[in-house]
Amino acid sequence: MPARPRPTSPHAGIYRWQIGNTLSILHRVTGAALALGLIALSYWLASLADGADSYSSAARFFTGPIGLIVLLGWTFAFLFHLLNGIRHLFWDAGRGFERTQRRLSGWAAVFGAIALTLCVAAWVWARLP
Amino acid sequence: MALIPLTLWFSISLLTLPGLDYETVLTWLSVPISGFLAVLLVAVLTYHSYLGTQVIVEDYVTSSGMKVLSLMVLRFLYVLAGGAGIFAILRVVFGFSRL
Chain A
1 MPARPRPTSP HAGIYRWQIG NTLSILHRVT GAALALGLIA LSYWLASLAD GADSYSSAAR
61 FFTGPIGLIV LLGWTFAFLF HLLNGIRHLF WDAGRGFERT QRRLSGWAAV FGAIALTLCV
121 AAWVWARLP
Chain B
130 MALIPLTLWF SISLLTLPGL DYETVLTWLS VPISGFLAVL LVAVLTYHSY LGTQVIVEDY
190 VTSSGMKVLS LMVLRFLYVL AGGAGIFAIL RVVFGFSRL
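Protein chains in written order, with our numbering: chain A, 1 to 129; chain B, 130 to 228.
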C-alpha cells in the first residue's frame with residue numbers, strides 16, 4: 001500500500017449530480033424503457049396481423065388507464081432519447097463540447113422532450129373520437 | 130442515424146391517421162411503401178436496441194458465466210421480438226391476415 005491514498009476515479013457515492021451525468025443516466029434509463037416498448041410494438045403489430053379481435057384486445061389494453069400512462073411515458077422516453085441522441089451525434093462529429101454548449105444542449109433536450117410530449121398528448125387528446 | 134427519419138415517419142404517420150381503429154391501420158400498413166418502411170424500422174430499431182441492452186448487461190452483470198448466459202438469452206429474445214414484428218408486417222402487406 002502506498003503511504004498516501006492515490007486518487008480514485010469518480011465514484012457514484014461521492015459524485016456531485018449535475019446535468020451531464022444525470023442526462024447520461026437518463027439516456028440509458030429511457031433506452032431500457034424503450035426496449036420494453038419494442039416488445040409492445042411487436043405485440044401491437046402481431047395483433048394487427050392476427051385480425052380484428054386480437055387488435056381490439058390490444059387496443060383495449062393501450063387505451064386503458066395503465067396503457068395510456070405507459071404510452072405517455074414511452075412518448076417522453078422516445079423524444080428525450082431522440083433529442084439526446086442527436087446531441088451525441090454532434091459530439092461524435094467533434095462539435096458542442098464547450099461547457100456552455102454542453103449544458104445548454106442538455107437542458108434543451110430535457111425541455112424539448114417535455115414540450116414535445118405535451119404537444120403529442122394535446123394532439124391525441126384533441127383528436128379523440 | 131437511419132432511426133431519426135424512420136421513427137419520425139412512423140410517429141407522424143400514426144398521429145395523422147384519421148383514427149387508429151383496425152381498418153384504418155390495416156389499410157395504411159398494407160400500402161407497400163408503409164410496409165417496407167415499417168420492416169426497416171423494426172429491423173433497425175431491434176438492432177439498435179440490442180446493441181444498447183447488450184452494453185447495459187455487460188456493465189451490470191459482473192460474473193462472467195452469468196454475463197455469457199444473459200447475453201445469449203438477450204440475443205434470443207431480440208431475434209424473437211424483431212422477427213415477430215417483421216413477420217406481422219409481412220402478413221399484413223401480403224394480405225394473409227384474416228379480414
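For every residue, glycine included, the Cβ atom is placed at its ideal position computed from N, Cα and C.
Quick one: does A/ILE25 have its CB under 8 Å from some CB of chain B? Translated into the one-based positions of the first sequence, residue 25 of chain A becomes position 25. Not an interface residue.
Inspect the beta-carbon positions of A/PHE80 and A/ALA113 and report whether they are closer than 8 Å. For the purposes of this step, residue 80 of chain A is identified with residue 80 of the first sequence, where counting begins at 1. For the purposes of this step, residue 113 of chain A is identified with residue 113 of the first sequence, where counting begins at 1. Taking the C-beta atoms as reference points, A/ALA113 is found nearer than 8 Å to A/PHE80.
Look at the alpha carbon of A/LEU68 and the alpha carbon of A/ARG6, and state the distance between them as a whole number of angstroms. Indexing the first sequence from 1 puts residue 68 of chain A at position 68. Indexing the first sequence from 1 puts residue 6 of chain A at position 6. So the two alpha carbons sit approximately 51 Å from each other.
Excluding the five sequence neighbours on either side, which residues of its own chain have a C-beta within less than 6 Å of the C-beta of B/VAL168, listed in chain order? As a first step, residue 168 of chain B must be located in the second sequence, where it is residue number 39. Hits under 6 Å: ILE215, ILE218.
As assigned by DSSP and simplified to three states, the class of B/GLN183: Along the second sequence, one-based indexing puts residue 183 of chain B at 54. Here B/GLN183 sits in helix by DSSP.
Cβ-Cβ distance between A/SER47 and A/ALA35 below 8 Å: For the purposes of this step, residue 47 of chain A is taken as the residue at position 47 of the first sequence. For the purposes of this step, residue 35 of chain A is taken as the residue at position 35 of the first sequence. Taking 8 Å as the Cβ cut-off, A/SER47 and A/ALA35 do not qualify as a contacting pair.
First and last residue of the uninterrupted alpha helix (DSSP H) at B/LEU155: The residue labelled residue 155 of chain B in the question sits at position 26 within the second sequence. Here the alpha helix (DSSP H) through B/LEU155 covers 151 to 159.
Please confirm whether B/LEU158 has its beta-carbon closer than 8 Å to some beta-carbon of chain A. Taking the second sequence and counting its residues from 1, the one referred to as residue 158 of chain B is at position 29. In terms of beta-carbon proximity, B/LEU158 lines the interface with chain A, with at least one pair separated by less than 8 Å.
How would you list, in chain order, the residues of chain A whose beta-carbon sits under 7 Å from the beta-carbon of B/LEU166? Position 37 of the second sequence, counted from the first residue, corresponds to residue 166 of chain B. What B/LEU166 touches in chain A, judged by beta-carbon distance under 7 Å, is nothing: the nearest beta carbon there is about 13 Å away.
Hey, could you find the ends of the alpha helix (DSSP H) B/MET130 is sitting in? Working through the second sequence from its first residue, we reach residue 130 of chain B at position 1. Run containing B/MET130: none; DSSP gives neither H nor E here.
Buried or exposed (CB count within 10 angstroms, at least 16 for buried), B/ARG220: The sequence position of residue 220 of chain B within the second sequence is 91, counting from 1. Under this definition B/ARG220 is a buried residue.
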